[in-house]
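Chain order of the listed sequences is A and B. Add 63 to the 1-based position in the first sequence for my numbering, that's all there is to it. Add 63 to the 1-based position in the second sequence for my numbering, that's all there is to it. For every residue, glycine included, the Cβ atom is placed at its ideal position computed from N, Cα and C. No experiment lies behind these values; they were computed from the predicted model shown. To keep things clear, I will list the structure first and then write my remarks on it.
2 protein chains.
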Amino acid sequence: MLVDSLLRLREYRVPQCEIVELRLFIYSSSSPSPSVTRDVEEKRYLTLRTPFTLGGRGVFLFPKLIVAILATSPALLQPKVIIELIGNSLEMAGKQQNWVLMVTAQSPTNIAVIKYWGKRDETLILPINDSISVTLDPEHLCTTTTVAVSPSFDKDRMWLNGKEISLSGGRYQNCLREIRGRASSIEDEEKGIRIQKQDWEKLHLHIASYNNFPTAAGLASSAAGFACLVFALAKLMNVKEDQGKLSAIARQGSGSACRSLYGGFVKWVMGNDVNGSDSTAIQLASETHWDDLVIIIAVVSSRQKETSSTSGMRESVETSALLHHRSKEVVPKRILQMEEAIRTRDFPSFARLACVDSNQFHAVCLDTSPPIFYMNDTSHRIINYMEKWNRFEGTPQVAYTFDAGPNAVLIARNREVASLLLQRLLFFFPPLPDTDMDSYVLGDKTILKDAGVKSMKDVEALPSPPELKDNVPSQRHAGDVSYFICTRPGRGPVLLADESQALLHPKTGLPKKWTSKRIGNPIG
Amino acid sequence: MLVDSLLRLREYRVPQCEIVELRLFIYSSSSPSPSVTRDVEEKRYLTLRTPFTLGGRGVFLFPKLIVAILATSPALLQPKVIIELIGNSLEMAGKQQNWVLMVTAQSPTNIAVIKYWGKRDETLILPINDSISVTLDPEHLCTTTTVAVSPSFDKDRMWLNGKEISLSGGRYQNCLREIRGRASSIEDEEKGIRIQKQDWEKLHLHIASYNNFPTAAGLASSAAGFACLVFALAKLMNVKEDQGKLSAIARQGSGSACRSLYGGFVKWVMGNDVNGSDSTAIQLASETHWDDLVIIIAVVSSRQKETSSTSGMRESVETSALLHHRSKEVVPKRILQMEEAIRTRDFPSFARLACVDSNQFHAVCLDTSPPIFYMNDTSHRIINYMEKWNRFEGTPQVAYTFDAGPNAVLIARNREVASLLLQRLLFFFPPLPDTDMDSYVLGDKTILKDAGVKSMKDVEALPSPPELKDNVPSQRHAGDVSYFICTRPGRGPVLLADESQALLHPKTGLPKKWTSKRIGNPIG
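This is how it looks when you write it as structure tokens:
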């Protein structure tokens, strides 16, 4: 064990460029523990104390880093070996103390069309049923994450949307631990950086993440976030595992994050293993398989404080009398039907399944004690309008689905329908007076163009949809929707090679003064 | 068959006091059909045409009444028999043509605490599970119904809240048929009225019904209405069946009506018979058994058009993947637990069961395709406030339950809690400016007095409830509740002996010009 430790030390990089001291204490196991702090304060030069005692305890002290070694085979602990090690370390410290290595990635959000609700294991985040999602085009909704490593970092730190947040939560720790445990050696000859597999355990990380859409607005920001974090870290640390294994790591950050590791249509297989190794995402079809679909998200105004999905699903598992029946009896059949609907691009089946499953998920929330309400009156109105339109047309034109919030995700069967859908949405939910259309319909603006709506005047001129003809003049609900985002199914995570897109400064490893413009925010 | 018809005719009363004509046509089956209209126009006196043809067709014409007899055994059709019959009829017409016999009853509404949702037989109205309800005090919420019979009525007619409505619907027809089939003879010596059992099939009814609360506002108006109709008709027609059998008849008008035939705590047993004979209500405990309870109803403002409960539950049965599990696996256990909670006056269990079952019923509505939303944002807010308060107190103070609409029915464990509850409700949902408190809190005004609220100024001065202390200043939602009704568990249907409370005029049998004042409307 001592040998191991020494060998590891050989590869160790001194983690501060200002290092002027390096000390080796070898204490006898019978001697009192060293007062390291006092030693550091008192001495400003390299010290090597010998002889070391048989069966003693060694402490290598670097500024801000202590490596303790328990000598089990002290015969191997020769002074010259130690001295050589220290010399090597100092040399490397002089050379490389200054570098920052980083990787930037972009990951999509996803929207479940067969819902995940309920865990069988809270820590490993193992679900009680399979789920299926559509990945949303990262051009319109995505997380960008830069991960950096440097010997100059003295702890793991993270900034979300420019604000530092704590990494102490179990979910972050799980992801960092799992990725570090699978890290491989890397060598960047150009920069003169060499990191051995075992070094990753010691090196600290800086992470900066940015969502180009409102965080915690019910738009799966944590899914995109953890997928992006795991994907970027895996690239940085040269993790050799395939995307499926990465999805199982992202899953431990946020369950639905595992589905954001693929583009197109993705299934999260619940798995059977107690350790969760087979609870991974698989791609059912890529985004090009069914590229007619257009997705419009209605971001619904809400004053209500919402229950987090984590605590919500825990309470459902504990109290709902219907959830177990859903996960055991209902969802397995729907999964098969949904896979078939996707495979055959059968929109009516796809829409029917997505709508009933969204509604059933919210039904289970209502069956929770205390009940959870994610949808509000505006959500209900949107559903009623869509149901009426679909019935009027005789066959579904639009699927709707709602996650743990009031926002509607509407999936139109094609572009023509999407433009009719947007007309309807703007008819029922016009912007408040003096709203710029350009900030009210975001994302793929060509849908707005197809809908023939350029200004508030065009919105006011929109006719009442024919499916309402026999009714009294329809109410319009200005202000009930904050904005719309037009998008489509999209690709999985990608690396951003252009270093100007990094969120961390390449020299300091600290966040750039970011603005939404810098990283090409399509929203707003 | 001819003999039967003649014997029935013997008992027939001539239904118009102005009768001056009575004609008997006996047509040969081979002769052309008589032109009755022309005959009536041409002749102004009694005609008896003989001889009658063997195997012929007879037509008795009274003004506004035609009785057709097919002679199957013509030997019995002797002229003298016919003449005697006609003579008798004319004599009776002279004596009794003028009377109106009527009965007025009052029936309570009820609120289910274990919900009825879903029929196994649409026509007989047989439920898929047992349900339990609390009968509400008819002093505050009730239907008053007057039923009248008179030979001068030429058809069954009904007025609801002063407006004539059609009785052609199957539900009314079922109740009328079932009650008529169980009618007994009556004799009112004073008025000189004698009605034989079999006469009821021929006599027509006038029915006037009035709810002292908004019809179809989700306050179980149809339950009170059909219970009252069946109860009043049974009294009028001297039906000898017990209350349980009557409940099975009321059930065929509106399922939950069967529970309004008893006061206090009532269980509707789903039964097993295909003909529904054992699907009846039983009283679990009278209203005096647990008289601490106070009930406050929040009538929630709603612009939404709601799905009727009839079509709603049909759609749930047809499309919900959760309803069957609820009715088979969940409700039977809850029924036993609720019976026990009522028996032992165990409020925490009562409240817990009532809340989760209300929520599960609405969950099943959401799991219906298309989904049904009965609760709105205001309903959700009320639930959230009650849940927070109950949690804060450590044990339930208030149970909530919602029927097929947004109105909240809140059951407080006792009067002290009710006054705290009303303070909270008025804090969160103050009336709009310039609302008279007296028209904002209806029913049992002593609760308002206990709460110490006399004016809008008192409402404005209400403190934020302590359970919200750690929150930002709470929002108040003026106008989101139309009004509150304070009430309590109450008695079953009763007869109103005082004829001034009848809704029909005792001479004409037509609706009185009613006002809410006349019948002592406690609301408004």
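Assign residue i to one of two classes, buried (16 or more other C-beta atoms within 10 Å of its C-beta) or exposed (fewer than that).
| i | result |
| --- | --- |
| Thr550 (chain B) | buried |
| Ala271 (chain A) | buried |
| Lys178 (chain B) | buried |
| Glu350 (chain B) | buried |
| Gln486 (chain A) | buried |
| Thr35 (chain B) | Since the first and last residues shown for chain B are 64 and 587, residue 35 (chain B) lies out of range. |
| Thr571 (chain B) | exposed |
| Arg454 (chain B) | exposed |
| Leu495 (chain A) | exposed |
| Asp251 (chain A) | exposed |
| Glu241 (chain A) | buried |
| Val210 (chain B) | buried |
| Gly506 (chain B) | buried |
| Gly339 (chain B) | buried |
| Ala560 (chain A) | exposed |
Starting from the C-beta of residue i, find all residues in its chain whose C-beta is less than 6 Å away, skip the five residues before and the five after it, and write them out in chain order.
| i | result |
| --- | --- |
| Ile228 (chain B) | Met221 |
| Leu511 (chain B) | Val504 |
| Leu386 (chain B) | Gly181, Ser379 and Val427 |
| Thr382 (chain A) | Thr431 and Ser432 |
| Trp353 (chain B) | Arg408 |
| Ala175 (chain A) | Ser194 and Ser196 |
| Phe410 (chain A) | Arg476 |
| Gly316 (chain A) | Arg234, Cys238 and Phe289 |
| Pro528 (chain B) | Arg487 |
| Val461 (chain A) | Met449, Leu473, Ala475 and Leu484 |
The alpha helix (DSSP H) with residue i in it runs from where to where?
| i | result |
| --- | --- |
| Tyr546 (chain A) | Careful: Tyr546 (chain A) lies outside any alpha helix (DSSP H), inside the beta strand (DSSP E) at Val544 to Thr550. |
| Ile435 (chain A) | Careful: Ile435 (chain A) lies outside any alpha helix (DSSP H) and carries neither H nor E. |
| Tyr503 (chain A) | Met500 to Tyr503 |
| Lys396 (chain B) | Val394 to Arg406 |
| Tyr235 (chain A) | Gly233 to Arg243 |
| Ala297 (chain A) | Ser284 to Leu299 |
| Glu523 (chain A) | Met519 to Glu523 |
| Thr509 (chain A) | Thr509 to Asp513 |
With a CB to CB cut of under 8 Å and the five nearest residues on each side skipped, what residues in its chain are close to residue i?
| i | result |
| --- | --- |
| Arg243 (chain B) | Trp263, Glu264 and Met300 |
| Arg444 (chain B) | Phe491, His540 and Asp543 |
| Lys254 (chain A) | Trp162 and Leu164 |
| Gly326 (chain B) | Pro171, Thr198, Gln346, Ser349, Glu350, Pro552, Gly553, Arg554 and Gly555 |
| Gln400 (chain B) | Ser412 and Leu416 |
| Asp193 (chain B) | Ile177, Lys330, Trp331, Val332, Met333, Val394, Pro395 and Ile398 |
| Ser518 (chain A) | Met500 |
| Leu239 (chain B) | Asp219, Leu230, Leu268 and Leu296 |
| Arg101 (chain A) | In this prediction, Arg101 (chain A) scores a pLDDT of 43, lower than 50, which makes its location untrustworthy; the coordinate-derived value is nonetheless stated afterwards. For Arg101 (chain A), where only same-chain residues beyond five positions count, there are no Cβ hits under 8 Å. |
What residue range is occupied by the uninterrupted beta strand (DSSP E) comprising residue i?
| i | result |
| --- | --- |
| Tyr594 (chain A) | In the structure as shown, chain A starts at 64 and stops at 587, and residue 594 (chain A) therefore has no counterpart that could be examined. |
| Gln259 (chain B) | No beta strand (DSSP E) holds Gln259 (chain B); DSSP gives it neither H nor E. |
| Leu473 (chain A) | Ala471 to Ala475 |
| Cys205 (chain B) | Cys205 to Ser213 |
| Asp200 (chain A) | Segment: none, Asp200 (chain A) is in no beta strand (DSSP E) and carries neither H nor E. |
Going along the chain, which residues of its own chain have a beta-carbon closer than 7 Å to the beta-carbon of residue i, five neighbours each way excluded?
| i | result |
| --- | --- |
| Ala514 (chain A) | Ser482, Leu485 and Gln486 |
| Leu489 (chain B) | Val516, Val522 and Leu525 |
| His568 (chain A) | Lys575 |
| Phe424 (chain A) | Lys178 and Trp180 |
| Ile312 (chain B) | Cys238, Glu241, Ile242 and Val293 |
| Gln159 (chain B) | A caution first: Gln159 (chain B) carries a pLDDT of 49, below 50, which makes its placement in the model unreliable, though a value can still be read off. If we look at Gln159 (chain B) and ignore the five residues flanking it on each side, its Cβ neighbours are Arg76, Pro214, Gly255 and Ile256. |
At a cut-off of 7 Å, is residue i close to the ligand ZN when judged by its beta-carbon and the heavy atoms of the ligand?
| i | result |
| --- | --- |
| Gly232 (chain B) | Absence of the ligand ZN from the depicted structure is noted, as is the absence of any ligand whatsoever, leaving it without description. |
Where in the region 157-193 of chain B do unbroken runs of the alpha helix (DSSP H), each at least 4 residues long, occur, reported from the N-terminal end onward? Listed in chain order, there is nothing to give.
Looking at C-beta atoms only, is the number of pairs between the region 320-334 of chain A and the region 283-296 of chain A that lie closer than 8 Å three or more? With a cut-off of 8 Å, the region 283-296 of chain A and the region 320-334 of chain A count as touching, because enough Cβ pairs lie within range.
Would the region 356-376 of chain A count as touching the region 424-443 of chain A if we require 3 or more Cβ pairs under 8 Å? Output reads yes: the region 424-443 of chain A touches the region 356-376 of chain A.
How about the region 296-310 of chain B and the region 372-384 of chain B: do they share at least three Cβ pairs that are nearer than 8 Å? With a cut-off of 8 Å, the region 372-384 of chain B and the region 296-310 of chain B do not count as touching, because too few Cβ pairs lie within range.
Please list the segments of the beta strand (DSSP E) lying wholly inside the region 324-393 of chain A, counting only runs of 3 or more residues, in order along the chain. Within the region 324-393 of chain A, the complete beta strand (DSSP E) runs of at least 3 residues are 328-331, 344-348 and 357-363.
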